[in-house]
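Number of protein chains: 2
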Amino acid sequence: MENFVYANPTKLVFGKNVISQIGDELKSANISKVLMLAGGGSIKKNGVYDEFTNSLKSRSIDIFELWGVRPNPALEHAEEAIDIIRKNGIQAIVAVGGGSVIDEAKAISIGVDAESLWAIYERREAPKSALPIYTILTISATGSEMNSGAVLTNYKEQKKWPYGCPLMYPKVSYIDPSKQYSLPWNQTVNGAIDAISHIMENYFVMGAAQETVVSYNESLMRSMVKHTNVLQKEPENYDARANFAWIATMALNGYSGIGVNGGDWATHMIEHGISALYPHVAHGEGLAIIFPAWIDYMKDSKPEFFTAWAKNVWNKDSVADGIEAMRAQYKAWGSPTRLSDINIKKENLEAIADNILELSRPGKLKSFDKADIMNILNLAL
Amino acid sequence: MENFVYANPTKLVFGKNVISQIGDELKSANISKVLMLAGGGSIKKNGVYDEFTNSLKSRSIDIFELWGVRPNPALEHAEEAIDIIRKNGIQAIVAVGGGSVIDEAKAISIGVDAESLWAIYERREAPKSALPIYTILTISATGSEMNSGAVLTNYKEQKKWPYGCPLMYPKVSYIDPSKQYSLPWNQTVNGAIDAISHIMENYFVMGAAQETVVSYNESLMRSMVKHTNVLQKEPENYDARANFAWIATMALNGYSGIGVNGGDWATHMIEHGISALYPHVAHGEGLAIIFPAWIDYMKDSKPEFFTAWAKNVWNKDSVADGIEAMRAQYKAWGSPTRLSDINIKKENLEAIADNILELSRPGKLKSFDKADIMNILNLAL
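From first to last, the protein sequence lines are chains A and B.
Under the numbering used here, think of the first position of the first sequence as 8, with each following residue one higher.
Under the numbering used here, think of the first position of the second sequence as 8, with each following residue one higher.
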């Protein structure tokens, strides 16, 4: 095991009908004016918006609403939020939505007291402070509700960068799994694939030294497949939604990466390159396409470990069969699993590779150069 | 899954040579005067005392030393510490040792600002505030380094009560697994059994609704057996010590009990009754004796779940075989597994049962009356 520091101050309030508790929580923190950040209107259909606003109104807390967070949250929209916060003396942000909304809230939180938010994302400025963030999660997927990272896209420059620091942990996150009953099926699938991918980013850099973590990561991946299969037939199965939600949180709150100093994350960086250039591609779709290719490309770097993955997660005797089982499972859920499924062709690959390398060389198990990235993209065609 | 709130603010600093970081941590919290709490002299032999004191001296932090914490920490000793703290304006407690030392530090921390510490333990007074606690863990077992509970014994009244509240979370806990190389074998064994028992206290109140947590709890139990077996042959195997330490922390930092509102804890309460009357009995020994009997007594309450436990943890096809496999494993590690092994006889049992029931009826899967407790004690003879 490598040395590590674990500290995660986020409080989770998890279960049926918990959203209405947020008013008391904000009141007890002496917060009387918040910015509500949201995406589209789904939170008006599933009851989350009413439960949230009623809770705050009953405690006389003022709400400024900013809608329109995009699936890959945009720098420009975050800057708009920062303006509203500065002009109105807003004391906290409540992100109501999925990982995109929470990510944007985190970016906003460090942007309020910054010269330039994008300069922070480009590592040219350091964050000084952060507005407190509260989240009401409506799509379990990214784990953003209990970590300190946030991805932001600069559409003008076609750049999608991750950033994170301890200031960006949410204070409190509310997760009511029953509010996810009405999610479109493809969003549930993308969430499952995102969570499994987060575990794999940490898992594949491990070995016998982290046996305990390897072992529970395998159990988390198996459980995610199990509960997603239940949800494919029974979208309103509470326990399946709740287990799904807890796995997605645990996949990226530090526990899946105990004993290693950072995961691999090459697959995520490659996916970011794809969705920076093709913003219609959902994050989970990109991961479903790239991760099998990444495993195929890396499998000989530590054959025993990859073989154990195939056996312990997919009950297959070879890595090749494990990869095929994963692709078949993702396909059975309706996900694309090849670049050709999302209309990306051989002639588009080089631009993707160049975009990725603008930030840094991705990968920990192997630090990738352009040839490595091109090889993986070709395996994913 | 039942609704739950998860919040654990303790920061863990884990790995080789991390203890020397504590001086900087205390300095950054503006702490210049601490009480060091410790048990016997083992921390002078394994280097922990020197590493700790040098780190504080180099930052000009004053240390008041109080030694002599007992394996079941004593109210009287905690009160002595409270006196020292009050007289000297001490700002923080550093617990250097195992779970007993950390538990006593937690009790002290809420006692400084209380009328009567024991009144808090008897639920006649509520804690108002707590002195900050830092811990340097030298025996992985109780999980006390990352939770808010602490057991205290009133030897005069022969009472051993648990208490816990959010004020009692340590600020920072340092875990250097290599400092546990020199532990006597029986302390390693007691730690393994304690951690497995903590997981079981949560695990056995679960069912299909908590499948994810059930599944990783099983993986944690299997891993603990695996790494303890390694340590029996290679006490200085770093990775085995590190995995062992992480499992022991995770067994009681909230993760093993996600999705249930509190575990069973009858076995622990019965063990507390035993060691209140027989203070020479180590906590892990008492658990090794009582848990197999508890499983035997409760197995018909949900036969499928107990059968799955036997299969998934011990690879046995029946609960009876699972119990025997557990007893055989504990025995192979040198632990007692019967009350007769520690010289407790049939005629002693009633006094134990009466002692336990003085605080409350133990058990969640079943709320035990005196007859239940007597039945379990008889099964453990």
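No residue lacks a Cβ here, since even glycine has one placed at the ideal position from N, Cα and C.
For residue i: DSSP bridge partner residues
i	result
threonine 142 of chain A	A/Ala102, A/Ser180
tyrosine 262 of chain B	In the DSSP output, where bridge partners are listed per residue, tyrosine 262 of chain B has none listed.
lysine 161 of chain B	First, the amino acid is wrong: residue 161 of chain B is asparagine here, not lysine. Paired residue(s): B/Lys166.
glycine 48 of chain A	BP columns for glycine 48 of chain A are empty, so no partner.
alanine 81 of chain A	A/Thr160
glycine 171 of chain A	A/Gly156
For residue i, the first and last residue of its enclosing alpha helix (DSSP H)
i	result
leucine 284 of chain A	273 to 284
glutamate 152 of chain B	That residue, glutamate 152 of chain B, is in no alpha helix (DSSP H); it is neither H nor E in DSSP.
valine 208 of chain A	In the sequence under discussion, the amino acid at residue 208 of chain A is glutamate, which differs from the valine named in the question. That run of the alpha helix (DSSP H) goes 192 to 210.
aspartate 69 of chain B	Counting along the chain, aspartate 69 of chain B falls outside any alpha helix (DSSP H), though it belongs to the beta strand (DSSP E) covering 69 to 73.
valine 237 of chain A	218 to 240
arginine 130 of chain A	Run containing arginine 130 of chain A: none; DSSP gives neither H nor E here.
arginine 248 of chain B	245 to 257
alanine 387 of chain A	Run containing alanine 387 of chain A: none; DSSP gives neither H nor E here.
phenylalanine 59 of chain A	55 to 64
alanine 358 of chain A	356 to 364
glutamate 32 of chain B	29 to 35
Sequence-distant residues of the same chain with beta carbon closer than 7 Å to residue i, five excluded per side
i	result
asparagine 161 of chain B	Leu82, Trp125
isoleucine 330 of chain B	Pro299, Ile302, Asp303
arginine 334 of chain A	Pro299, Thr344
isoleucine 88 of chain B	Sequence inspection shows alanine at residue 88 of chain B; the isoleucine mentioned does not correspond to that position. Excluding positions up to five away in sequence, the list reads Leu42, Leu44, Leu73, Ile115.
histidine 290 of chain B	Asn197, Asp201, Glu278, Ser282
arginine 93 of chain B	Val119
isoleucine 70 of chain B	Val41, Met43, Thr60, Leu63
proline 85 of chain A	A small fix is needed here, since residue 85 of chain A is alanine in this sequence, not proline. Answer for alanine 85 of chain A: Glu111, Ala114, Ile115, Gly118, Leu124, Leu159, listed in chain order.
lysine 377 of chain A	Ala360, Leu364
Beta-carbon gap between residue i and residue j smaller than 8 Å
i	j	result
leucine 238 of chain B	isoleucine 359 of chain B	no
isoleucine 383 of chain B	isoleucine 277 of chain B	yes
aspartate 120 of chain B	serine 107 of chain B	no
leucine 294 of chain A	aspartate 361 of chain A	no
asparagine 319 of chain B	glutamate 225 of chain B	yes
alanine 216 of chain B	glycine 266 of chain B	yes
asparagine 79 of chain A	proline 310 of chain A	no
tyrosine 141 of chain A	proline 173 of chain A	no
alanine 199 of chain B	methionine 231 of chain B	yes
isoleucine 50 of chain A	valine 103 of chain A	yes
serine 151 of chain B	glycine 171 of chain B	no
phenylalanine 59 of chain A	isoleucine 109 of chain A	no
asparagine 15 of chain A	methionine 213 of chain A	no
proline 169 of chain A	alanine 249 of chain A	no
valine 55 of chain A	threonine 195 of chain A	no
tryptophan 321 of chain B	threonine 219 of chain A	no
isoleucine 143 of chain A	isoleucine 29 of chain A	yes
threonine 17 of chain B	serine 123 of chain B	no
lysine 227 of chain B	tyrosine 262 of chain A	The sequence shown places leucine at residue 227 of chain B, not lysine. The answer is no: Cβ separation not under 8 Å.
leucine 19 of chain B	threonine 256 of chain B	yes
isoleucine 351 of chain B	glutamate 292 of chain B	no
serine 342 of chain B	phenylalanine 251 of chain B	no
leucine 366 of chain A	asparagine 385 of chain A	no
Other residues of its chain near residue i: CB distance less than 6 Å, five sequence neighbours each side excluded
i	result
phenylalanine 21 of chain A	Ile182
glutamine 98 of chain A	Ile38, Lys40
glutamate 243 of chain B	Tyr188
glycine 46 of chain B	Val76, Gly104, Val108
lysine 323 of chain B	Ala317, Gly329, Ala332
Boundaries of the beta strand (DSSP E) in which residue i is found, first to last residue
i	result
valine 20 of chain A	18 to 21
tyrosine 13 of chain A	11 to 13
alanine 45 of chain B	40 to 45
Own chain partners of residue i with C-beta closer than 8 Å, once the 5 adjacent residues on each side are dropped
i	result
methionine 305 of chain A	Phe211, Phe313, Leu372, Lys373
asparagine 268 of chain B	Glu9, Asn10, Phe11
serine 325 of chain B	Thr314, Ala317
isoleucine 363 of chain A	Met276, Ile277, His279, Gly280, Pro369, Ile380
**OP:** Write down every uninterrupted run of the alpha helix (DSSP H) in the stretch 285 to 344 of chain A whose length is 4 residues or greater and which is fully enclosed by it, in chain order.
**Re:** Listed in chain order, the complete alpha helix (DSSP H) runs (minimum 4 residues) inside the stretch 285 to 344 of chain A are 290 to 305, 310 to 321, 326 to 339.
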